[in-house]
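Data first, discussion second: the structure below is written as structure tokens.
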Amino acid sequence: MKPLAFVLFSFASLGLVGTALGVFSTKKGSVSFTSDAPLEVIKASSDELKGLIDPKANTFAFTIDMTSFRGFNSPLQMEHFNENYLETTTYQKSSFSGKIIEEVDFTKDGTHILRAKGKLEIHGVTTERIIKSEVTVKDGKFRVRSNFTVLLAEHDIAIPKIVHQKVAEEIQVAVDAEFESKG
Amino acid sequence: MKFLLFLLLPSFLLAQSPHFREVSMGEAYPGTRVEMLYQDKSGLVWFGSQKGLFRYDGQDFLLLQKPDSTNQRVRVVFQDRKMQQWVGYHDGSIYKLQANELVKWMPDEGTPKVAITGIVEDEAGQVWFSSYGEGVYCFDGKRLHNFNTDDGLLGNEIYVMAKGPDGRIWLGTDGGISVCRFAKGNKQVENLARKDGLPDEIVHELLPDQQGNIWVGTYDKGICRYLPKERRFDFPLKDWPDGIVNHLALFEGKELWIGTDGHGIWRYSLQDGSLSPVTGFEKSKVYDLMRDMEGNIWTVTNTGGVRYANRQFEYLPTTFLNIQAVLAQKDGCLWVGTPDGLFCQKKNGEVKLWLKERKLNVICLHEDKFENIWVGTFDKGTFCLNPKTGDLRQLTEKDSISNNSILSIDGTNGYVWLATLGGATEIDNSLNRIFKERPPLRRFGKEDGLAANFIYKVFVDRRKRTWFCTDGQGISLLENGSIKNFQSYKEFDAEAGKEVERQLKAVYSMAEDQRGHIWLSTATEGIFEFDGKTFKRLAVKEGIRDLAITSLVADANGQLVVVHPSGIDLLTPETHHLIYYDEEIGLKNDIDPNLNAACSDQYGNVWLGMKDGLFKYTPLNDPLEIHPKTHLHSVMVAYQTVDFGQAGSFSHSQNNLNFEFFGLWYTDPASVRYRYRMVGYDTNWVSTKDRHATFASLPPGQYRFEVTSTENDAWSDEPVVSYEFSISQPFWRRWWFVLACCAIVGAAFYWFQKTRELRLKRVALLEKEKVESELAALKAQINPHFLFNSFNTLISVIEEDPKAAVEYVENMSDFYRTMLQLRDKPMIGLEEEVDLVENFGYLLKRRYGDAFQLEVNPNCSRDVQVVPLTLQVLVENAVKHNVIVKSKPLKVQVMMTDDGYLMVKNNLQPKLQPEKGTGFGLDSLRRRYELLTGKQIVIEKTETEFKVSVPTIAGS
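Protein chains in written order, with our numbering: chain A, 1 to 183; chain B, 184 to 1139.
Right, here's the structure in full:
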């Protein structure tokens, strides 16, 4: 099982009218992951995603506390997740930060598919990723939704052979966050 | 020198140019603006346009559009090493071509939102996509990675992307050149900008060459070349006239084609450094340039759509006509002999007539190692001329040369051979003293062993042997001072059915291939290959289309250029493979080539003199071995397209097959012919111009469809494309089905026989049983004991009650009559049987009185059938085996059980001395019931009771 899950990110640009507004931050943000392995399906989620987006610079940063994931099948599973795989005492946070590739006018309400290019850090290992997200802008707030995958091997997350049938090599991650202006 | 008069002719020469032809899309797709070209690895050419992607096979277009979008503007097409074809669009979408369908590529990361400008594959098999605005993307097979200015690129607007000789990806941007590599998740970017010597930061074109360098086309500063090993730029084209460079193409590393943005197309010769505009493209804006596998240069411009030309052949019209001799000098000067004199045309187009006052009819030309020009004339001997110094010497018969009419000159190392109408002469100019004194010379003629004195051609081969091509007498070879003549050859004569010897007659021309084989062309017999021992003839059957061959010249690769009035053929010596060229390269019908008006230059290019101009042939680095390329592109079975990548297997009803194929020969698409056959059906080849073949109602069997194409009807060694398939027998004709049918019929017959026998047996048995049982019953009834008892009973009754006696006799009589009536029937109704046993019971009751009781249960009135006398046998049985006394009455009960059995039950009080019986009655009953009903009689015996149940048969 396990554990892998990660964080997410997405970013989005938003922008309320013009980009005169400052930085936007998450009002609500959740990350969930699914490991769909032959023997076991593991799911867990966390509502503690924190994110910032700067529409002017087209940059973003997300972070999540890896110990905040809940919803495991059993306490043992959660313990494995934290201690054996993600080593959350050593690598407590996962993050994704970088730039949005597209330049889109966010002054209008609407839905955009955007790509964010940035550094994804999980388990202390950073890879550069492009992550596609759907951003819905409405009334000066926006919502970011994204689905992407994380390969365990890319983040040096070692799963004992014996557990392989229970943990997928590729973990599906879903992110859903609402942003509003910091004010 | 007083002999010389220089005459400057006006130089209104047209520049030399290959013959361009336009690809018309007009009728089928009017108004289509093609913007790019791509040739895939199989040789197919693809056009990218705003209407979508076109496949062009030389004759037809196939338009492929993406299914889900209105923006069909194709920007780039690329085929990777796995033969996957990628298509990049102006709207940023990327599609894959799968079985002629465009399938959208949807990586997790999404695709760019801006135009795709390039697709290439690196050494590791990673596919790169450049974009105009988002930098470049690298697809490592799993994920898409992006490089942009944040990663160090000089710009996000990529004009061009190329795989460099170092395996890295080179990008042309608005800020210079960025060179990228992506390995193990690491991005490497190296930049080349103005500070590194790049003349202009806007780079429109990058073109790697075979030397490992990269040609760079810029916006403002023309063209330069980057030398990666020396890490510097160099500038072969110093004076770029003007114009934005859009595209570059290389022809065999010999010539750089340059497409500009509004200033036409230019050619830069890497052989002599000349730069010249291509005529017909002045002011054109060039969208794309491409060099294909056949040696064609394709252009896409705003002025002429798609035009292409076979670059191997260029035509150079001249002011001097009827060219009889041509010589290309190392400095680029062309020397040409005509009946009107000796002309020299310089690179700049300037033309001079030499030795005008001598009114020379120049037949042949030769340049010796001292750069002297030797001129062979008709009737005026030979002239040796040094164009630089103006030195000149004439040699005539007075100087002891063989004859004043010189037909051919060749030589090596300062020794010069003259072939004349009157023998051959060798002139020793090894010390280049010819302008000072009469050179030493030797004459050879018939008297020295030459086959003839009329010599068309003298040829010195690489082994310094001298060959003479004579008029009517074959060839002579001078080697080590001795002369050997070859005047005949052997050939298999089909009519005579054996090998015959034939005369080698007039030989016009000679060439040597790379194996040292000598090739000769004759006046009427075609071409001969001589390997030193035997001659092999190539004539019409071998594909020589015109036997009136005027010249035979070897190019840089040892390929032979065969010139005749019908055109120019290229002959590969090793395979005898021929390619024809004529109208498609601009040769007109009346080219009228003169004998041996041909030469090869220092680069191995071949110059051919024609009636009103010169043809220059530039060989490909690798001679074409396969042409046309045959493609099988569709197989339809019963009107359904099938995947023909692998062998097919069809049912007997899928036996109508349609094949579509084409042969790619863009050089001259109209000349392509096909032949096909269906091995397994008809082994004869069918020749056709059609590009499809249909086979209807093929019988079941194993087949191989084979098709090949030719552009010259030679059917020589072009590979055959084939498709194997099988049509199966209908199932009712397959062995297993036939076998199964036989087995079923056999089994059915066997079963029938078996059951019939059984039935017969049973019937016979039944019959026997019946007879036996009747007999037994009869015997039982006339058993004297029974009669005796009955009569005793009667006697006692008569005395006591005469009326009852009458009744008794009536009962007895009824009993016997009924028994006689019933015994013949196999079965009788239960009621009749009950009547019978009641009669019998009356008789017994009279005898035993209250000691015998018979009870027939009313349920025995059911409509069932039993064997006659069943009850009588059973009741009699009970009487026979039991004690019947008043104190112990025998009580016999007859009843039907719920499960349909007729049961006879009596209390058991066996006699101490059992009466002797045959036991036949019960046994016989048991067998009969078994035969009739298949069920057993059930006999149950307890301490107190004896029960016999017999199965009954329902209904009548």
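From the three backbone atoms N, C-alpha and C, an ideal C-beta is built for every residue, glycine too.
As the structure is a computational prediction, the values presented were derived from the model and not from experiment.
- Exposure of Phe60(A), with buried meaning 16 or more beta-carbon neighbours within 10 Å: With 16 or more other Cβ atoms inside 10 Å of its own Cβ, Phe60(A) counts as buried.
- Limits of the alpha helix (DSSP H) - the one that Met995(B) falls within: Met995(B) -> alpha helix (DSSP H) spans Pro985 to Leu1005.
- Kindly indicate the opening and closing residues of the beta strand (DSSP E) around Arg450(B). Taken as a continuous stretch (DSSP letters only), the beta strand (DSSP E) holding Arg450(B) covers Ile448 to Ser452.
- Query: What's the C-alpha gap between Pro882(B) and Leu285(B)?
  - Reply: Taking the straight line joining both Cα atoms gives about 37 Å.
- Query: Alpha carbon to alpha carbon, what distance is there between Ser313(B) and Lys141(A)?
  - Reply: Between the alpha carbons of Lys141(A) and Ser313(B) lies a gap of roughly 34 Å.
- Message: DSSP three-state label for Tyr598(B), please.
- Response: Three-state result, Tyr598(B): strand.
- Candidates Gly524(B), Val489(B) and Tyr857(B): closest to Gly559(B) by CA position: The shortest Cα separation from Gly559(B) among Gly524(B), Val489(B) and Tyr857(B) belongs to Gly524(B).
- Query: DSSP state of Lys346(B), grouped into three classes?
  - Reply: Of the three classes helix, strand and coil, the one that applies to Lys346(B) here is strand, per DSSP.
- Partners in chain A for His328(B), counting only beta-carbon separations shorter than 8 Å: Residues of chain A passing the Cβ test: Glu128 and Ile130.
- Query: What is the DSSP secondary structure of Ile978(B), reduced to helix, strand or coil?
  - Reply: The answer is helix: DSSP assigns Ile978(B) an H, G or I state.
- Check whether the Cβ atoms of Gly792(B) and Asn777(B) lie closer than 8 Å to each other. In this structure, Gly792(B) lies near Asn777(B), with their beta-carbon atoms less than 8 Å apart.
- Task: Going by CA-CA distance only, name the one from Ser973(B), Ile981(B) and Ser1044(B) that's closest to Tyr1031(B).
- Result: Of the listed residues, the one whose Cα sits closest to Tyr1031(B) is Ser973(B).
- Task: Could you check what DSSP says for Ala20(A) in three-state terms: helix, strand or coil?
- Result: With a pLDDT of only 44 at Ala20(A), under 50, the local geometry of the prediction cannot be trusted, and no value is derived from it.
- Query: With distances taken between CB atoms, is the gap from Phe566(B) to Ala607(B) smaller than 8 Å?
  - Reply: Their beta carbons are not under 8 Å apart, which means Phe566(B) does not touch Ala607(B) by this criterion.
- Message: Looking at chain A, is there any beta carbon in it that lies within less than 8 Å of the beta carbon of Thr758(B)?
- Response: By this cut-off, Thr758(B) is not an interface position.
- Task: Quick one: which residues of the segment 283-302 of chain B get their C-beta closer than 7 Å to a C-beta of chain A? List them in chain order.
- Result: If the cut-off is 7 Å between Cβ atoms, the segment 283-302 of chain B has Asp291, Glu292, Gly293 and Lys296 near chain A.
- At what residue ranges does the segment 448-492 of chain B contain a whole run of the beta strand (DSSP E), taking only runs of 3 or more? Entirely contained in the segment 448-492 of chain B, the beta strand (DSSP E) runs reaching 3 residues are, in chain order, 448-452, 458-460, 469-474 and 479-484.
- Pairwise C-alpha distance: Trp537(B) and Met184(B): For Met184(B), the pLDDT reaches just 36, beneath the cut-off of 50, and the residue's location in the model is therefore unreliable, leaving the point undetermined.
- Query: Can you tell me whether Asn58(A) is buried or exposed, with buried defined as 16 or more other CB within 10 angstroms of its CB?
  - Reply: Result: buried.
- Closest Cα partner of Thr502(B) within the set Pro1041(B), Ile774(B) and Gly796(B): In this structure, Gly796(B) is the residue among Pro1041(B), Ile774(B) and Gly796(B) with its C-alpha nearest to the C-alpha of Thr502(B).
- Is there a Cβ from chain A that is less than 8 Å from the Cβ of Asp333(B)? Closer than 8 Å to some Cβ of chain A, the Cβ of Asp333(B) qualifies, so yes.
- Item | Cβ neighbour criterion (16 or more within 10 Å) applied to Gly226(B) | Counting the other CB atoms within 10 Å of its CB gives Gly226(B) a total of 16 or more, which places it among the buried residues.
- Is the shortest distance between the beta-carbon of Thr149(A) and the beta-carbons of chain B less than 8 Å? Using a CB distance cut-off of 8 Å, Thr149(A) counts as an interface residue toward chain B.
- Message: 8 Å is my cut-off, CB to CB: does Ile171(A) come that close to chain B?
- Response: No, its Cβ sits nowhere closer than 8 Å to a Cβ of chain B.
- Query: Which full runs of the beta strand (DSSP E) of 3+ residues lie inside the segment 1028-1075 of chain B, going along the chain?
  - Reply: You should have 1035-1039 and 1047-1049.
- Item | Collapsed DSSP secondary structure at Met1(A) in the structure displayed | At Met1(A) the pLDDT is 32, less than 50, meaning the model places this residue with poor confidence and gives no usable figure here.
- Item | Assigned exposure category for Met1010(B) - 16 Cβ within 10 Å defines buried | Label assigned to Met1010(B): buried.
- Item | Span of the beta strand (DSSP E), counted from its first residue to its last, around Met78(A) | Segment Pro75 to Glu79 is the alpha helix (DSSP H) holding Met78(A); no beta strand (DSSP E) there.
- Message: Could you check whether the Cβ of Leu4(A) sits closer than 8 Å to any Cβ belonging to chain B?
- Response: Unreliable positioning characterises Leu4(A) in this predicted model, as indicated by a pLDDT of 32, which lies under 50. The coordinate reading is nonetheless provided below. No, Leu4(A) lies away from the interface with chain B (no Cβ there is under 8 Å from its Cβ).
- Burial state of Gly15(A), where buried means 16 or more other Cβ atoms lie within 10 Å: Residue confidence is low: Gly15(A) scores 34 on pLDDT, short of 50, so the model does not pin down where it sits. No coordinate-derived value is stated.
- Message: Please state the DSSP three-state secondary structure of Ala168(A).
- Response: In the three-state scheme derived from DSSP, where H, G and I count as helix and E and B as strand, Ala168(A) is classed as coil.
- Item | DSSP-derived helix/strand/coil call for Ser956(B) | In the structure shown, Ser956(B) sits in a helix (DSSP, three-state: H, G or I).
- Pair within 8 Å by beta-carbon distance, Met208(B) and Val257(B): No, they are not a contact pair.
- DSSP on Ile927(B), reduced to helix/strand/coil? Correct three-state label for Ile927(B): helix.
- Any Cβ of chain B within less than 8 Å of the Cβ of Arg143(A)? Not an interface residue.
- Task: Kindly indicate which residue of Tyr221(B), Gly241(B) and Lys619(B) has the alpha-carbon position closest to the one of Ser232(B).
- Result: Ranking Tyr221(B), Gly241(B) and Lys619(B) by Cα distance to Ser232(B) puts Tyr221(B) first.
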